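Residue numbers (full-length UniProt numbering), protein chains in the order written: chain A, 1 to 245; chain B, 1 to 245. All residues carry an ideal CB built from backbone N, CA and C; glycine is no exception. In this text the structure is predicted, and so the values were computed from the model without any measurement.
There are 2 protein chains.
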Amino acid sequence: MSEFTSEKAFLEAYSIHEYDVPLLTVDMAIFSVLEDQLQVLLVKRAQHPSLGKWALPGGFVDTKRDKSLVETAKRKLRAKTGVATPYVEQVETFGGPERDPRGWSVTVAYMALIPAEGVELVPDDASSEVIWVPVKEMGSEYLLAFDHQSIFEVCLERLKNKVQYSSLPVNLLPKAFTLTELQRTFEIVLGQTVEKKSFRRRILDAGILEETGAMKTGSSRPAKLYRVRPEGQAYFFPRTIEGKR
Amino acid sequence: MSEFTSEKAFLEAYSIHEYDVPLLTVDMAIFSVLEDQLQVLLVKRAQHPSLGKWALPGGFVDTKRDKSLVETAKRKLRAKTGVATPYVEQVETFGGPERDPRGWSVTVAYMALIPAEGVELVPDDASSEVIWVPVKEMGSEYLLAFDHQSIFEVCLERLKNKVQYSSLPVNLLPKAFTLTELQRTFEIVLGQTVEKKSFRRRILDAGILEETGAMKTGSSRPAKLYRVRPEGQAYFFPRTIEGKR
DNA sequence: TTGACTAAGTGTTATAGAGCCACTAAGGTA
DNA sequence: TACCTTAGTGGCTCTATAACACTTAGTCAA
Numbered sequence: 001m002s003e004f005t006s007e008k009a010f011l012e013a014y015s016i017h018e019y020d021v022p023l024l025t026v027d028m029a030i031f032s033v034l035e036d037q038l039q040v041l042l043v044k045r046a047q048h049p050s051l052g053k054w055a056l057p058g059g060f061v062d063t064k065r066d067k068s069l070v071e072t073a074k075r076k077l078r079a080k081t082g083v084a085t086p087y088v089e090q091v092e093t094f095g096g097p098e099r100d101p102r103g104w105s106v107t108v109a110y111m112a113l114i115p116a117e118g119v120e121l122v123p124d125d126a127s128s129e130v131i132w133v134p135v136k137e138m139g140s141e142y143l144l145a146f147d148h149q150s151i152f153e154v155c156l157e158r159l160k161n162k163v164q165y166s167s168l169p170v171n172l173l174p175k176a177f178t179l180t181e182l183q184r185t186f187e188i189v190l191g192q193t194v195e196k197k198s199f200r201r202r203i204l205d206a207g208i209l210e211e212t213g214a215m216k217t218g219s220s221r222p223a224k225l226y227r228v229r230p231e232g233q234a235y236f237f238p239r240t241i242e243g244k245r
Numbered sequence: 001m002s003e004f005t006s007e008k009a010f011l012e013a014y015s016i017h018e019y020d021v022p023l024l025t026v027d028m029a030i031f032s033v034l035e036d037q038l039q040v041l042l043v044k045r046a047q048h049p050s051l052g053k054w055a056l057p058g059g060f061v062d063t064k065r066d067k068s069l070v071e072t073a074k075r076k077l078r079a080k081t082g083v084a085t086p087y088v089e090q091v092e093t094f095g096g097p098e099r100d101p102r103g104w105s106v107t108v109a110y111m112a113l114i115p116a117e118g119v120e121l122v123p124d125d126a127s128s129e130v131i132w133v134p135v136k137e138m139g140s141e142y143l144l145a146f147d148h149q150s151i152f153e154v155c156l157e158r159l160k161n162k163v164q165y166s167s168l169p170v171n172l173l174p175k176a177f178t179l180t181e182l183q184r185t186f187e188i189v190l191g192q193t194v195e196k197k198s199f200r201r202r203i204l205d206a207g208i209l210e211e212t213g214a215m216k217t218g219s220s221r222p223a224k225l226y227r228v229r230p231e232g233q234a235y236f237f238p239r240t241i242e243g244k245r
C-alpha cells in the first residue's frame, strides 16, 4: 500500500534522510608481484575511525561524479597508484552492524591486478602512508582496521582460485614479457611450481598472446617477447592446472 | 586530517544523515524448475516507485534485525516462498545514479535455488502478486522495474555458467530423486542434452550423492533414489561438461 | 676458437576424465 | 509370454593435461 496516488507525489515527498540507511563504502585489494612475491597494497588511515591503523584502500562513493561502483573503485586505485587501466573485478559485498563503529555498514570489495613496474605510491589526505606488503606477512605483521583482514582473505582466495583456470596473472606483468616470466608469475600466485612444457602449450594453444617480434636478451639464449591480446586478459581455460601427479 | 583528537569524540559527533549516502537494497533472482522449465520468481510491486510493475523480490536491510546481507536476502525469500533453507549465493552488486528515481542507489543481487514442490507463493504488503515465470518468457512478456531485467540476466548467466562445472542444480530437486531426474534438471538449466553414461559417471564418481535405499517405481524398471550429501550442494567438478562433439 | 654453462624451447609418452554408442536389466502391460 | 520402456553398464575414442628427456642458442672464460 501507499498513501501517495502518483509516483511523482511520492518522489517529491521522499527523503533518504528519514530512513535508517547503512553506510556504504568501496574497498579494494590491489595485488601486484614485486621481488618475486605476491604483494597487496595497504594504506595507513589518516582519518577517524581507526586513525593510524593499516587498511585496504577505499572510501565513499562520490554521488556527484561516480557513475557506477567500479568507477569509484578505479578512482581510488588511480589516486593511490596512478594506474589508469587496471584489471578490476568485483569480489563480494559485506554488510553487518558490527563491522564499522559508525553503525550498520556495507562495503563492496573489489580486487585489482596491476603490473608493479612504474607504479609510484602516493599518499593523500585519507592515507598518510601507502605501501606494498607481501601477502605472506599479512595477518601477523599488519593488523588491519574494520574487517579488512577477512575481506583481504576472501580476495586472495578468489585470486588463487582463478589462477587455476584463467589467464588473470597476465595482468600482473608489463606490456611485453617472456613465457618464462609469465610462468614464474603464475607460480608465485599459485604457490607451487608448474611444468614448463605443459604451461607453454596451455598458454600458446589458448591463443591469448601474440609475439611482439622482439627478443629479450640476457646471459643465455634469447627469449621471445609476447604481449596479451585484448581477449586474453580474462581467458578461461577448459581445464584447471592440475599440478604435480 | 581530522579535527577530532579521539575516535570517541569523532563517533559522538558523527551522523550519517549529514552525508549524501546512496540508497541500499537487496534483490534476489529465485530460480526453480517447474513443468520442465527453469522459472524465476517475480513480484508485482505494491509500493512506489514503479508501483504495479513486475520486479525481482527484494527490499531494504532491516538494520534492527538483520545481522548480515545474506540474512536480509533469506528473510525476503522466506516471506515470499516459505522456504527456510534455500541455496543462496551473492552474485553482484550494482550501483549508479540512474537505476532508481530516488537517486544514487545500490543493490546487492543474490540468486537462490529452491525445489518447486511444496512451495506456496504468498503476497505481502510490498507485493500484490507473486508468480513463477519461465526464464524464456523474460524480456518479452514481462517488463521489469528499475534495472531488474539486466540484474536478472546477470544472475541467469551466472547460474548457466555454474551448471557446467558444479553440482548446483541438485538444490532444485526435492530431498530424494533419481539420477535421470537429476540429469533432466541439469539439461533444463544447461539448455542442452547431456550424455547419460558420462553424466552418471561424473556425478557418482564425485561422491556427492548417497542412495536412500528406496526405489522409485513406475511403468518400467525401478530407479534408485539418491539424496545429496551436505558437501554436495556446491561441489566443483575438475572439468566442465563439454557437451556434444 | 672452443668448451662449459645457462636458460629457451621441443618431442614424446602416460593419464584422467570427458564423449559416444551399443548393450543388458528389470519392471510393466497386452 | 512377447514386447515396450526406462534404468543402468561395458568399453571404446578423444583431448588437455603431467612428466621428462632432449635440442637449441646465446654468454663467458680460458
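* **Whole-angstrom C-beta distance between residue 168 of chain A and residue 162 of chain A, which should lie under 8 angstroms** => 5 angstroms
* Asked: Is it true that the region 67–75 of chain A meets the region 120–135 of chain A, where meeting means three or more beta-carbon pairs spaced less than 8 angstroms apart?
  -> no
* Residues of the region 3–16 of chain B with Cβ closer than 9 angstroms to any Cβ of chain A, in chain order -> 4, 6, 7, 9, 10, 11, 14, 16
* Is it the case that the Cβ atoms of residue 91 of chain A and residue 79 of chain A are separated by a distance below 8 angstroms? -> no
* Within chain A, the residues that residue 48 of chain B reaches when beta carbons sit closer than 7 angstroms -> 2, 4, 7, 10
* Are three or more beta carbon pairs between the region 11–21 of chain B and the region 53–62 of chain B nearer than 8 angstroms? -> no
* Asked: Hey, is residue 92 of chain B's beta-carbon within less than 8 angstroms of any beta-carbon in chain A?
  -> yes
* To do: Say whether chain A places a C-beta atom closer than 8 angstroms to the C-beta of residue 213 of chain B.
  => no
* Spatially closest choice to residue 41 of chain B from B:205, B:116, B:175, B:154, by CA coordinates -> B:116
* Is residue 2 of chain B helix, strand or coil by DSSP? -> Its pLDDT being 46, under 50, residue 2 of chain B is placed unreliably in this model, and the coordinates cannot settle the point.
* Cross-strand partners of residue 227 of chain B (DSSP beta bridge) -> B:210
* Asked: Closest Cβ-Cβ distance between residue 22 of chain B and chain A: below 8 angstroms?
  -> yes
* **Spatial distance of residue 141 of chain A from residue 39 of chain A (CA atoms)** => 14 angstroms
* Where does residue 236 of chain B land, buried or exposed, given buried means 16+ other C-beta within 10 angstroms? -> exposed
* **Cβ pair count under 8 angstroms reaching 3, the region 174–185 of chain B against the region 222–238 of chain B** => yes
* What are the complete alpha helix (DSSP H) segments, minimum 4 residues, inside the UniProt domain "Nudix hydrolase" (23–156) of chain A? -> 69–81
* Would you grab the beta carbon distance between residue 96 of chain B and residue 68 of chain A for me? Rounded to a whole angstrom, and I think it's under 8 angstroms. => 5 angstroms
* Mapping DSSP to helix, strand and coil, what is residue 177 of chain B? -> strand
* Environment of residue 1 of chain B [buried if 16+ CB atoms lie within 10 Å] -> Annotation note: pLDDT 45 at residue 1 of chain B (below 50); position unreliable, coordinate value reported separately. Burial call: exposed.
* Using DSSP bridges, identify the partner residues of residue 239 of chain A. => B:239
* Segment limits, alpha helix (DSSP H) that includes residue 263 of chain A -> Here chain A comprises residues numbered 1 to 245, so residue 263 of chain A is not present and cannot be evaluated.
* To do: Please report the Cβ distance between residue 83 of chain B and residue 119 of chain B, rounded to the nearest whole angstrom; I am assuming they are in contact, meaning their Cβ atoms lie under 8 angstroms.
  => 6 angstroms
* Asked: Does the beta-carbon distance from residue 233 of chain A to residue 19 of chain A come in below 8 angstroms?
  -> no
* With a cut-off of 8 angstroms, does the C-beta of residue 194 of chain A fall near any C-beta of chain B? -> no
* Using CA coordinates, which residue listed in A:45, A:33, A:25, A:101 is at the minimum distance from residue 171 of chain A? -> A:33
* Asked: Secondary structure at residue 220 of chain A, three-state DSSP: helix, strand or coil?
  -> coil
* Output the distance between the C-alpha atoms of residue 242 of chain A and residue 164 of chain A, rounded to the nearest integer angstrom. => 8 angstroms
* Interface flag, residue 239 of chain B vs chain A, CB-CB below 8 angstroms -> yes
* Secondary structure of residue 198 of chain B, DSSP reduced to three states -> helix
* Asked: Using a Cβ-Cβ cut-off of 6 angstroms (strictly less than) and excluding sequence neighbours within five positions of residue 113 of chain A, which residues of its own chain qualify?
  -> 31, 87, 171, 172
* Alpha carbon to alpha carbon, what distance is there between residue 45 of chain A and residue 29 of chain A? -> 15 angstroms
* **C-alpha distance - residue 138 of chain B paired with residue 107 of chain B, whole-angstrom precision** => 20 angstroms
* Asked: Can you find a C-beta in chain B that's less than 8 angstroms from the C-beta of residue 106 of chain A?
  -> yes
* Residues in its own chain within less than 7 angstroms of residue 50 of chain B by CB, not counting five upstream and five downstream? -> 145, 146
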